[in-house]
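Structure, as structure tokens:
Protein chains: 2
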Amino acid sequence: MQGIWLTHPAATFNETARTSALNRQGQLTKPPGALGKLEDIAVQFAAFQGVEKPNLQRIHISIFAADHGVAEENVSLFPQAVTAEMVRNFARGGAAISVLAQHLNAELEVINLGTVSVVEPLKNVRDERIAAGSANFAKTAAMTESQCQQALQAGRNAALRAQKNGAQLFIGGEMGIANTTSASAIACALLAESPQNLAGRGTGLDAAGVSHKAQIIAAALALHALDAQQPKEVLRCLGGFEIAGLAGAYIAAAQLGLPVLVDGFISSVAALVAVRINPSVRDWLLFAHTSAEAGHQRVLTALNAEALLQLGMRLGEGSGAAVAVPLIQLACTLHSGMATFAEAGVSEQH
Amino acid sequence: MQGIWLTHPAATFNETARTSALNRQGQLTKPPGALGKLEDIAVQFAAFQGVEKPNLQRIHISIFAADHGVAEENVSLFPQAVTAEMVRNFARGGAAISVLAQHLNAELEVINLGTVSVVEPLKNVRDERIAAGSANFAKTAAMTESQCQQALQAGRNAALRAQKNGAQLFIGGEMGIANTTSASAIACALLAESPQNLAGRGTGLDAAGVSHKAQIIAAALALHALDAQQPKEVLRCLGGFEIAGLAGAYIAAAQLGLPVLVDGFISSVAALVAVRINPSVRDWLLFAHTSAEAGHQRVLTALNAEALLQLGMRLGEGSGAAVAVPLIQLACTLHSGMATFAEAGVSEQH
Numbered sequence: 017m018q019g020i021w022l023t024h025p026a027a028t029f030n031e032t033a034r035t036s037a038l039n040r041q042g043q044l045t046k047p048p049g050a051l052g053k054l055e056d057i058a059v060q061f062a063a064f065q066g067v068e069k070p071n072l073q074r075i076h077i078s079i080f081a082a083d084h085g086v087a088e089e090n091v092s093l094f095p096q097a098v099t100a101e102m103v104r105n106f107a108r109g110g111a112a113i114s115v116l117a118q119h120l121n122a123e124l125e126v127i128n129l130g131t132v133s134v135v136e137p138l139k140n141v142r143d144e145r146i147a148a149g150s151a152n153f154a155k156t157a158a159m160t161e162s163q164c165q166q167a168l169q170a171g172r173n174a175a176l177r178a179q180k181n182g183a184q185l186f187i188g189g190e191m192g193i194a195n196t197t198s199a200s201a202i203a204c205a206l207l208a209e210s211p212q213n214l215a216g217r218g219t220g221l222d223a224a225g226v227s228h229k230a231q232i233i234a235a236a237l238a239l240h241a242l243d244a245q246q247p248k249e250v251l252r253c254l255g256g257f258e259i260a261g262l263a264g265a266y267i268a269a270a271q272l273g274l275p276v277l278v279d280g281f282i283s284s285v286a287a288l289v290a291v292r293i294n295p296s297v298r299d300w301l302l303f304a305h306t307s308a309e310a311g312h313q314r315v316l317t318a319l320n321a322e323a324l325l326q327l328g329m330r331l332g333e334g335s336g337a338a339v340a341v342p343l344i345q346l347a348c349t350l351h352s353g354m355a356t357f358a359e360a361g362v363s364e365q366h
Numbered sequence: 017m018q019g020i021w022l023t024h025p026a027a028t029f030n031e032t033a034r035t036s037a038l039n040r041q042g043q044l045t046k047p048p049g050a051l052g053k054l055e056d057i058a059v060q061f062a063a064f065q066g067v068e069k070p071n072l073q074r075i076h077i078s079i080f081a082a083d084h085g086v087a088e089e090n091v092s093l094f095p096q097a098v099t100a101e102m103v104r105n106f107a108r109g110g111a112a113i114s115v116l117a118q119h120l121n122a123e124l125e126v127i128n129l130g131t132v133s134v135v136e137p138l139k140n141v142r143d144e145r146i147a148a149g150s151a152n153f154a155k156t157a158a159m160t161e162s163q164c165q166q167a168l169q170a171g172r173n174a175a176l177r178a179q180k181n182g183a184q185l186f187i188g189g190e191m192g193i194a195n196t197t198s199a200s201a202i203a204c205a206l207l208a209e210s211p212q213n214l215a216g217r218g219t220g221l222d223a224a225g226v227s228h229k230a231q232i233i234a235a236a237l238a239l240h241a242l243d244a245q246q247p248k249e250v251l252r253c254l255g256g257f258e259i260a261g262l263a264g265a266y267i268a269a270a271q272l273g274l275p276v277l278v279d280g281f282i283s284s285v286a287a288l289v290a291v292r293i294n295p296s297v298r299d300w301l302l303f304a305h306t307s308a309e310a311g312h313q314r315v316l317t318a319l320n321a322e323a324l325l326q327l328g329m330r331l332g333e334g335s336g337a338a339v340a341v342p343l344i345q346l347a348c349t350l351h352s353g354m355a356t357f358a359e360a361g362v363s364e365q366h
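Listed below in structure tokens is the structure:
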């Protein structure tokens, strides 16, 4: 019965609060709709939080890190050691997501689900290594059934910690050399797309590198012969521990009624896995940005998602999601702080 | 010799600081280019501020308000009284831009360049009324030569105040019932576009309303027979006092070496006027967002500008620019706060 939680329904919205917030939007001193997407966000957060005037102060960021066996196929510009080195950089405050978390006063934790080498104990880093990296999916399944379950559960535990700490928003980040290869393979399997369409530059491959990466993915898809209707099996064969961790976290957050701000390509693929496992999760997901990675727009389209930002970012770590946080905060602040026509003595339209 | 300042060259950048910042970007612990536009912004602010590690704390917002004679042609859904009512709402903190300014800890001032009715003295509102609204440009020139000059100078004075207060960023906002009609007319004259292409919904006109607005503009363009090579004359005949104020502020800010974050459609048209009067101004302008107003993208294209945000906003007041401020702050914070590969002991690419 392990993993039975995965398909439990997501929390329901507070429709009364949504209606109150919608009414309030119509009374604020601006033409109806003039704040565009910021109005939708405010109303959505009212429904999430069950209050007419939502706010966003407490943000939880969990970064899942793991190595990928497929890195030995020469699919990344960076050596595999970088995964563990970046875990240290996250902990010491030098990485992009560390700087952003500090600026946003967000809670940041790193969950090491399987770097190749052991990382010494570090502040805010949880050692939950499942194995010394996933297996090379070009040759065999990336995870065993039990490893995949363990990674999903690690994600769930992160969402539970976030809720316990009073988080109002969950952001997942990832770090793992070669994980755009893994994410692209998963997206191809779930969307029946060819690797030529979904494989991208990752950390900066040239055209020949992208072509090689697409070939590795194509061969792996042929090897595993997966069924798009079995998303957990797709995840197990092609995923990394960190992608499974993200998917588990998204599912659990939705079940807990904790909204999720999804980052870039890899996170969106994890979101796609989560929604395919449990469609009710979708309502609790917001999408922060469209990244520069080739396949991201395709994955967003499959999720019927429109991202908030288009800044050409492609870093991962949860960085794009963190950059979008101020927009949500401003949306809530405008919604709660603006005067109504009646309060301000401003004439309404003819 | 009044107005001779308009064509003085803009300040020059600090190229040494730009080069240092570019070098630093290449050493930060991320793949080159992975922060997308945020990297460009950080390097640009390094050049603006003359330091390798820029920051953005002090933001100045000047809202120019004025009424438009063309409002009598039935081109807006809202009564003209709203301009003065919104001046009060700005001052009392209930308007969108007031809420945003408070959240950003920005300096906010309102410059009344010509509401139809006198507004009682209010905190942070400067009474610089040139006339009881501009003249109806469907019948005659909107401003006299001297009124236009006075409005441009009022804008310049705002930029001078901002600099004196140590501002690191200038945001201009506007309020004036019927001013999308004025801005659309100016854009048509400067870009040789037809009103059918550039007239938009403003505060929310339906298709018939937009069509009527386009007809009013077309007739006015025929009446004034303007030359696109004479941008000041285009401004004088079709502009509002607040659009001239914005144009003057942008020109002066660039001359003072104070970067400008341009808001939506009306502000971008003022930026177009400013750049046509003085092309050197362009280098100091950043564009915050692409609004939902029909003609905005066309104006941005003419300015060779790519806006940071696309949120479907169409409120004016400087609100879209204020919403984009956190992105610039995060860009600077990331640039200044991230560790280099050497500092973090992270391996560089193969």
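Here the protein sequences line up with chains A and B, keeping their order. Here the first sequence is numbered in the numbering used here, starting from 17 and rising by one per residue. Here the second sequence is numbered in the numbering used here, starting from 17 and rising by one per residue. Backbone N, C-alpha and C define an ideal beta-carbon position, used for all residues, glycine too. This structure is a prediction, so every number in the text was calculated from the model and none was measured.
In this structure, LEU206 (chain B) and ALA244 (chain B) form a Cβ contact; the two beta carbons are roughly 5 Å apart against a cut-off of 8 Å.
GLY220 (chain B) has a beta carbon lying within less than 8 Å of a beta carbon in chain A. In the DSSP assignment, PHE186 (chain A) forms a beta bridge with A:HIS76 and A:VAL276. Residue range 97-108 is occupied by the alpha helix (DSSP H) that includes VAL103 (chain B). Shown here, VAL126 (chain B) sits in a strand according to DSSP, grouped into three states. DSSP places ARG142 (chain B) in the uninterrupted beta strand (DSSP E) bounded by 141-143. When Cβ pairs closer than 8 Å are counted between the two stretches, the stretch 288-300 of chain B is seen not to touch the stretch 348-363 of chain B, the count staying below three. Within the same chain, ASP83, ALA87, VAL132 and ILE193 come within 7 Å of GLN96 (chain A) by CB-CB distance, once the 5 residues on both sides are set aside. Here DSSP, grouped into helix, strand and coil, assigns HIS305 (chain A) to strand. Listed by position along chain A, the residues whose Cβ is nearer than 8 Å to that of ALA290 (chain B) form an empty set, because the closest Cβ is around 25 Å away.
When the alpha-carbon of LEU22 (chain B) is set against those of B:LEU343, B:ARG330 and B:ILE267, the nearest one is in B:ILE267.
For PRO47 (chain B), the closest C-alpha among the options A:ASN30, A:SER296, A:SER284 and A:ALA111 is that of A:ALA111.
Within the stretch 184-270 of chain B, the runs of beta strand (DSSP E) that reach at least 3 residues and sit entirely inside it are, in chain order, 185-191.
For ALA337 (chain B), same chain residues with a beta-carbon under 7 Å away, outside a window of 5 residues either side, are ILE187, LEU277, VAL278, ASP279 and ALA304 in chain order. Beta-bridge annotation (DSSP): ALA81 (chain B) is paired with B:ASN128 and B:MET191. Its chain contains SER284, PHE303, THR306, GLU322 and ALA323 as the residues whose beta carbon lies nearer than 8 Å to that of LEU316 (chain B), once the 5 sequence neighbours on both sides are disregarded; these appear in chain order. Excluding its 5 nearest sequence neighbours in each direction, ILE233 (chain B) has C-beta neighbours in its own chain below 7 Å: THR197, SER200, ALA201, CYS204, PRO211 and ALA215, listed in chain order. Bounds of the alpha helix (DSSP H) holding VAL291 (chain A) are 281-293.
Partner residues in the beta bridge of THR356 (chain A), as assigned by DSSP, are A:LEU44.
Excluding the 5 residues flanking it on each side, PRO137 (chain A) has same chain C-beta neighbours closer than 8 Å at ASP143, in chain order. Contact check between the stretch 307-314 of chain A and the stretch 31-44 of chain B: fewer than three CB pairs, one atom from each, fall below 8 Å, which does not count as touching.
Excluding five sequence positions before and after ALA183 (chain A), the CB atoms of its chain that fall closer than 8 Å to its own CB belong to ARG74, ILE75, HIS76, GLU123 and LEU274, given in chain order. Apart from sequence neighbours up to five positions away, the residues of its chain that approach GLY256 (chain B) with a beta-carbon distance below 6 Å are ALA82, HIS84, SER150, GLY192, ASN195 and SER198, ordered along the chain. In this structure, DSSP gives LEU138 (chain A) a state outside helix and strand, which the three-state scheme calls coil. By the CB criterion at 8 Å, ALA107 (chain A) and GLY130 (chain A) fall outside the cutoff. In this structure, GLY261 (chain B) lies near ALA167 (chain B), with their beta-carbon atoms less than 8 Å apart.
In terms of Cα proximity to LEU51 (chain B), the closest of B:LEU237, B:MET354 and B:GLY171 is B:MET354.
Within 10 angstroms of the beta-carbon of HIS24 (chain A) lie fewer than 16 other beta-carbons, which makes it exposed.
With a threshold of 8 Å between beta carbons, MET329 (chain B) makes contact with chain A.
Buried is the label assigned to GLY171 (chain B), since at least 16 other Cβ atoms lie within 10 Å of its Cβ. Against chain B, a Cβ distance below 8 Å from LEU93 (chain A) picks out PRO47, GLN365 and HIS366. For the pair GLU55 (chain A) and ALA175 (chain B), the Cα-to-Cα distance works out to about 32 Å. In the assembly as shown, GLN165 (chain B) is a buried residue. Its beta-carbon has 16 or more other beta-carbons within 10 Å.
Among the residues facing chain A, ALA117 (chain B) is not included, as its CB has no counterpart in that chain under 8 Å away. The beta carbon of ALA290 (chain A) sits closer than 7 Å to the beta carbons of ALA263, TYR266, ILE267 and VAL297 from its chain, once the five residues preceding and following it are set aside; these are given in chain order. The alpha carbon of ILE79 (chain B) has as its nearest neighbour, out of B:ASN152, B:LEU38, B:ILE127 and B:ALA27, the alpha carbon of B:ILE127.
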